[in-house]
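For the record, in the sequence shown the residue sitting at position 47 is 94 according to this note's numbering, with numbers rising by one throughout.
All C-beta atoms in this analysis are idealised placements derived from N, C-alpha and C, irrespective of residue type, glycine included.
Notes for the one structure printed next.
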Amino acid sequence: MAKNRLIKRYSASERINHWVVAACFILLAFSGLAFFYPSFFWFSQIFGTPQMARIVHPFVGVIMFVGFFVQFFRYVSRNFINKSDIKWAFSVKKVIKGEHMPNVGKYNAGQKVMFWVMTLSMIILVVTGVMMWQPYFANEFSIPLRRVAILLHAWFALILIASIIVHVYAAIWVKGTIRAMTEGVVTEKWAESHHPLWYQEVIEGSDKTVANITKKNNVE
Ligand code: HEM
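Rendered as structure tokens:
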């Protein structure tokens, strides 16, 4: 059987959902860094004026939170860590060199850990964000509590920014991955070499969610 067919990995609605979250993240990261450190103040221009950035930042945060949690419920069942993920983590050096690829399902251990870091960061960012949101909610919380909220908000924003840099780098590093989130498809070769267990499911027709082989490029 020829192996240059395309396999569907994400539906259009999944891709729109992902890119809305990603766009919100970029707006929030730049405006947030502008509030965080004087040298980055000019980043507030991303919303036109610093005043506008201060008003809009929390609303965009709520949109990102809702968008991310739609993603969360879409992918959570695929992101529980299992025994073969531990094996993957121990052989990660070989994986990077392309020498060895233990059995991997739809997501590898690195992607799963990233998923849980994103989830934790999102929850902490939205809770602490609401606690410091003037003029709506902040006055409901004591000053010491708001100080803790500000500290946690800054820390988890930095953790999320660092994690997303790794997420984007990994997507570019593994050739053929970006296409999954832009066109919704990957090559059969990509699936077989990076996510062999998922590939097997697709071939056997057991991934009912998105997986099917597209007719486009079908050379059988
Ligand atoms: C800004 C640039 C971004 C790029 C280029 C990017 C790229 C990608 C790509 C290519 C995939 C597919 C990976 C695969 O199927 O193996 C993916 C999946 C995913 N992305 Fe992004 N992404 C970006 C931002 C974000 C942000 C800001 C978030 C959330 C905070 C996010 C959350 C996710 C999630 C939850 C998945 C599903 C896979 C998983 O559970 O790991 N992405 N991304």
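What are the boundary residues of the beta strand (DSSP E) that Lys55 is part of? Leu53 to Lys55
Pull up the distance between the alpha-carbon of Ile73 and that of Ser168, whole angstroms please. 15 Å
Return the CA-CA distance between Ser253 and Gly152, expressed in angstroms with no decimal places. 13 Å
Name the DSSP beta bridge partners of Thr234, please? Leu53
Expressed to the nearest angstrom, what Euclidean distance is found between the alpha-carbon atoms of Thr277 and Val233? Nothing can be reported for residue 277: it is not among the residues displayed for the chain, which extend from 48 to 267.
Backbone CA spacing between Ile54 and Ala81 [nearest angstrom]: 41 Å
Assuming Val213 and Met161 make a contact with CB atoms under 8 Å, what is their CB distance in whole Å? 7 Å
Let me confirm a value: Ser189 is counted as buried when at least 16 other C-beta atoms fall within 10 Å, else exposed. Which label applies? exposed
Own chain residues within Cβ distance below 6 Å of Glu239, not counting five before or after: Tyr246
Considering only their Cβ atoms, is the gap separating Thr229 from Arg121 smaller than 9 Å? no
Given 8 Å as the limit, tell me if Leu207 has its C-beta closer than that to any heavy atom belonging to the ligand HEM. yes
Collect the residues with a C-beta less than 6 Å away from any heavy atom of the ligand HEM and give them in sequence order along the chain. Arg56, His65, Val68, Ala69, Phe72, Phe115, Gln118, Tyr122, Asn126, Tyr154, Gln158, Met161, Phe162, Met165, Ile211, His214, Val215, Ala218, Thr224, Ile225, Ala227 and Met228
Counting only C-beta atoms, is Ile133 closer than 9 Å to chain C at any point? Within the model displayed, chain C is absent; a lone protein chain is all it includes.
Once DSSP output is grouped into helix, strand and coil, what is the label at Val221? coil
Trp163 to Val123, Cα distance in whole Å? 9 Å
Could you tell me the distance, in whole angstroms, from the CA atom of Arg125 to the CA atom of Lys134? 17 Å
Ordered along the chain, which non-local residues of its own chain (more than five positions away) have a Cβ less than 7 Å from that of Val103? Phe94
I need the straight-line Cα distance from Ala217 to Lys144, nearest angstrom please. 14 Å
Cβ-Cβ separation, Phe115 to Val68 (assumed contact under 8 Å), whole Å: 5 Å
Distance, Cα to Cα, Phe184 vs Met178? 6 Å
Using C-beta distances below 8 Å, list every residue in its chain close to Trp180, excluding the 5 sequence neighbours before and after it, in chain order. Pro105
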